[in-house]
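What follows is a short report on a single structure.
Number of protein chains: 2
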Amino acid sequence: MKIAVSGFGTVGQGVAEVLLRRRDFLTGRYGEMPQIVLAMDSRTYAADPEGLDLQALIDRKKETGSVGKTGYSDSAELLSRTDYDMLIEVTPTDIKTGGAGLKNITRALESGKDVITVNKGPLALRFCELIGLARKNGCKFRFEGTVGGAMPIINLCHENLVGEHIRSIRGIFNGTCNYILSKMDKGQPYEQALKEAQQLGYAETDPTNDVEGYDTAAKVTILANSVFHKKVTVNDVKITGISKITAEAVAQAASHNMVIRLIGEVSETKLEVSPRLIPVGHPLSISGTLNIAQIEADLAGPITITGRGAGKIETASAILSDLIAILDERRGHA
Amino acid sequence: MKIAVSGFGTVGQGVAEVLLRRRDFLTGRYGEMPQIVLAMDSRTYAADPEGLDLQALIDRKKETGSVGKTGYSDSAELLSRTDYDMLIEVTPTDIKTGGAGLKNITRALESGKDVITVNKGPLALRFCELIGLARKNGCKFRFEGTVGGAMPIINLCHENLVGEHIRSIRGIFNGTCNYILSKMDKGQPYEQALKEAQQLGYAETDPTNDVEGYDTAAKVTILANSVFHKKVTVNDVKITGISKITAEAVAQAASHNMVIRLIGEVSETKLEVSPRLIPVGHPLSISGTLNIAQIEADLAGPITITGRGAGKIETASAILSDLIAILDERRGHA
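Protein chains in written order, with the working numbering: chain E, 1 to 334; chain U, 335 to 668.
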């Protein structure tokens, strides 16, 4: 298996690290190690048809800030020039246009390559087209890490719960908002909690995507398409963020033994992101940066799952899970 | 797919009901409906090589207390006389000897049949032998419902988390004990809480298996074997039950903002069932009859899952999940 990796920031480096850590497992299971034959960051690339030295790649990126010495102008064109079997697409999410990720995934699927991504933009905007392209060209296309990071949710619904009619999924899918709201529970005003989240690296300098609910909306869109077979984009989601929540509102909730949480919900009739009052002690009253999903299934009943929604190794672990699933399917292991 | 069902109590009837409810789904996915060709309860059986009428079977069992008019003396011998592809083994758990379930599963695997079971006894006593027999004879052998009922845990670890090193699993795997302990949190003495659990049908007339921790120990044993690849039986588990927990102990825990919960734990070095002090608000402080498992994975980090640990349709839903997985593997769907 020859892998191209587009994006070599935190997650891309995590993927290389996880592949190194699982060398024995992967070699044992498949008889050979999947090789990264192309790694691209935002400006440069490194390529080796025999497989790049992953440790050297990680070290070079750390030392020089780049994966290679050679620049490129068009990542999709670079992909077209490369001999590979699978694209791992981990460029940053662009929720307005789909960005480079959309171009890379489209080019890979058009060329009959399997794709794993944690990039929410392309799926939040063009889910149906991309799935259609994958089907048409016989490609495996997996994206477990787009929702909930290391928390299993998409493959859980597709595989373990495939015989269920899933009535609804409600959850907390943005650790940054939950961190801010948890701090507000303890009396911090919004601006101060946001600043602290930024200092800790949980929130970006421009926190709009997180705090205005767009990130959660992208995840809800992906669940709506992949689990509920709806044909919707992020623009169909009714979105309210957390930036207008006041300390007074949080205090008033607390006086009724409630907290405010940013809940994403998808069901047959609902596609919504909004701050909601949650009773203290309710599973969705969870504090901190964890993600949580409540799945309502018709036979199994309620199933709740929590896990880390972000992190270098955690996100890479979701990619590893998708990689193993594809390798198993491709090679007939089961 | 011709299915033999051994055991036609609550869970067996649930299986028939779930198959009826999923007729369209199964027929659509596989082109034909899996047929139950043999159904046995504790005394009688019904057989039809073309497939039994499931609604008539359920109705007959309800009206007459039996699935058929013909008795049998040896269920394993009856299996040997039947043409079938898969055994669904749902006779009651016998944790001391393995009971009829052990004989039925052994016979089925020896004959090269696939097996799905929710019967904990055979696996808690003879895990390695049964897995070995399945491998030797090329049989699929699945048992998701033995631990946590409808809560996905075994297949979750085997499939979604197969690339992880799982460090430990801790959880509440017995809803009866958790119901009793939750009632004791509210000031009820043990005996009264147990009696109430019995009246509600959560606890059996002889509650020993539940309250002395043997049921939890069986589940921990199954996790130790299937997830941690240990070769242990229920007799290797260090077990303390809840029958000696006093109202005073619960009150003292409460004064430190703690509750007492019966926790099953398995790790590389631990195999234990014991009542533990859990801080209020901790995921394991869960109240009522739900089951919960905390999985500690080396890459993904902590993953927590909760779901219904028992119930007719809920347990049958775990069997449906195993059935779909086997049918997918057998017919190359993925």
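For each residue, glycine too, the CB sits at the ideal point set by N, CA and C.
> Along chain E, in chain order, which residues have C-beta atoms closer than 8 Å to that of U:Pro326?
Replying inline: No answer is possible for residue 326 of chain U: the residues shown for chain U start at 335 and end at 668.
>> By the three-class DSSP mapping on this structure, what secondary structure does E:Phe127 have?
In response: Reduced to three states, the DSSP call for E:Phe127 is helix.
>> I want to verify the contact list: residues of chain U whose CB lies under 9 Å from the CB of E:Glu268, in sequence order.
In response: Under the 9 Å cutoff, chain U gives no residues; its nearest Cβ is about 17 Å from E:Glu268.
> If you scan the stretch 274-311 of chain E from start to end, which runs of the beta strand (DSSP E) of 3 or more residues do you find wholly inside it?
Replying inline: Counting whole runs of 3 or more residues, the stretch 274-311 of chain E contains the beta strand (DSSP E) stretches 290-297 and 301-308.
>> Taking 8 Å as the threshold (beta carbon to beta carbon), is U:Asn322 in contact with chain E?
In response: For residue 322 of chain U there is no data in the structure shown, the boundaries of chain U being 335 and 668.
> Taking C-beta to C-beta, are U:Gly435 and U:Asn453 nearer than 8 Å?
Replying inline: Contact annotation: U:Gly435 and U:Asn453 have beta-carbon atoms nearer than 8 Å.
> Could one say the Cβ of U:Pro456 lies closer than 8 Å to chain E's Cβ atoms, at least one of them?
Replying inline: Interface flag for U:Pro456 against chain E is unset, since no Cβ pair is found closer than 8 Å.
> Using a Cβ-Cβ distance under 8 Å, would E:Val11 count as near chain U?
Replying inline: Taking CB atoms only, E:Val11 has no neighbour in chain U less than 8 Å away.
> Going by Cα to Cα distance, which pick from U:Gly521, U:Met518, U:Met485 and U:Leu421 is closest to U:Gly505?
Replying inline: Of U:Gly521, U:Met518, U:Met485 and U:Leu421, the residue nearest in Cα terms is U:Met485.
> Using the beta-carbon count (16 or more within 10 Å), is E:Tyr72 buried or exposed?
Replying inline: E:Tyr72 comes out exposed.
> Just how far apart, CA to CA, sit U:Ile684 and E:Ile263?
Replying inline: Since the first residue of chain U shown is 335 and the last is 668, residue 684 of chain U is not available in this structure.
> Which value, in whole angstroms, describes the spacing of the CA atoms of U:Gln628 and U:Leu372?
Replying inline: Each residue's CA atom was taken as its position, placing U:Gln628 and U:Leu372 some 38 Å apart.
> Which residues, in chain order, does the stretch 18-47 of chain E contribute to contact with chain U at a C-beta distance below 8 Å?
Replying inline: Residues passing the 8 Å Cβ filter: Val18, Arg21, Arg22 and Phe25.
> How would you label U:Val545, buried or exposed, when you count the other beta carbons within 10 angstroms and need 16 or more for buried?
Replying inline: Classification of U:Val545: buried, given that the 10 Å Cβ count is 16 or more.
> Are any of the Cβ atoms in chain U nearer than 8 Å to that of E:Leu271?
Replying inline: It does not: the Cβ of E:Leu271 has no partner Cβ on chain U nearer than 8 Å.
> In this structure, what does DSSP give as the bridge partners for E:Leu156?
Replying inline: Note: E:Leu156 sits in no beta bridge, so no partner.
>> So for E:Tyr72, helix, strand or coil by DSSP?
In response: Note: E:Tyr72 maps to coil in three-state DSSP.
> What does E:Met151 reach in chain U if we use C-beta pairs closer than 7 Å?
Replying inline: Those within 7 Å of E:Met151 in chain U are Ile637.
> In its own chain, which residues sit with a C-beta less than 7 Å from the C-beta of E:Ala193, not counting the 5 before and 5 after it?
Replying inline: Counting only residues of its own chain and dropping the five nearest sequence neighbours on each side, E:Ala193 has a CB closer than 7 Å to the CB of Ile180, Lys183 and Met184.
> Where DSSP assigns a beta bridge to E:Val259, which residues make up the other side?
Replying inline: In the DSSP secondary-structure assignment, E:Val259 is bridged to E:Ile278.
> When you check each C-beta in the stretch 310-331 of chain E against every C-beta of chain U, which residues fall closer than 9 Å?
Replying inline: Within the stretch 310-331 of chain E, those residues whose Cβ lies closer than 9 Å to any Cβ of chain U are, in chain order, Gly311, Ile313, Glu314, Ala316, Ser317, Ala318, Leu320, Ser321, Leu323, Ile324, Ala325, Asp328 and Glu329.
> In chain E, which residues lie less than 7 Å from U:Arg469 when you measure between Cβ atoms?
Replying inline: By Cβ distance, chain E contributes nothing, its closest Cβ being about 14 Å from U:Arg469, past 7 Å.
>> Using a 10 Å radius around the Cβ and a threshold of 16 neighbouring Cβ atoms, would you call E:Asp59 buried or exposed?
In response: E:Asp59 comes out exposed.
>> Can you find the residues in the same chain that come closer than 6 Å, C-beta to C-beta, to E:Gly7, ignoring five residues on each side of it along the sequence?
In response: The residues are Val90 and Thr91.
>> So U:Arg642 contacts chain E; which residues on that side make the cut at Cβ distance below 8 Å?
In response: Those are Ala300, Gly301 and Pro302, listed as they occur along chain E.
>> I'd like to know whether the C-beta of U:Asn489 is nearer than 8 Å to at least one C-beta of chain E.
In response: Chain E contact via Cβ: present.
> Is the beta carbon of E:Gly348 less than 8 Å from the beta carbon of E:Thr289?
Replying inline: Since the first and last residues shown for chain E are 1 and 334, residue 348 of chain E lies out of range.
> Which class does E:Met1 belong to by DSSP, given the choice of helix, strand or coil?
Replying inline: DSSP places E:Met1 in coil when its eight states are reduced to three.
>> Determine, for E:Glu164, whether the minimum Cβ-Cβ distance to residues of chain U falls below 8 Å.
In response: Answer yes: the Cβ-Cβ gap between E:Glu164 and chain U drops below 8 Å somewhere.
> Within the chosen definition, does the stretch 241-256 of chain E reach the stretch 209-225 of chain E through at least 3 CB pairs nearer than 8 Å?
Replying inline: With a cut-off of 8 Å on Cβ pairs, the stretch 241-256 of chain E is in contact with the stretch 209-225 of chain E, counting three or more such pairs.
> Just to confirm, does U:Gly362 get its C-beta within under 7 Å of one of the non-hydrogen atoms of the ligand GDP?
Replying inline: No copy of the ligand GDP appears in this structure; indeed no ligand is present at all.
> Rounded to a whole number of angstroms, what is the C-alpha to C-alpha distance between E:Ile292 and U:Phe562?
Replying inline: Between the C-alpha atoms of E:Ile292 and U:Phe562 there is a straight-line separation of about 26 Å.
> CA-CA distance, U:Val600 and E:Glu314?
Replying inline: So the alpha carbons of these two residues sit roughly 23 Å apart.
>> What does the alpha-carbon distance come out to for the pair E:Asp85 and E:Thr269?
In response: Taking the straight line joining both Cα atoms gives about 39 Å.
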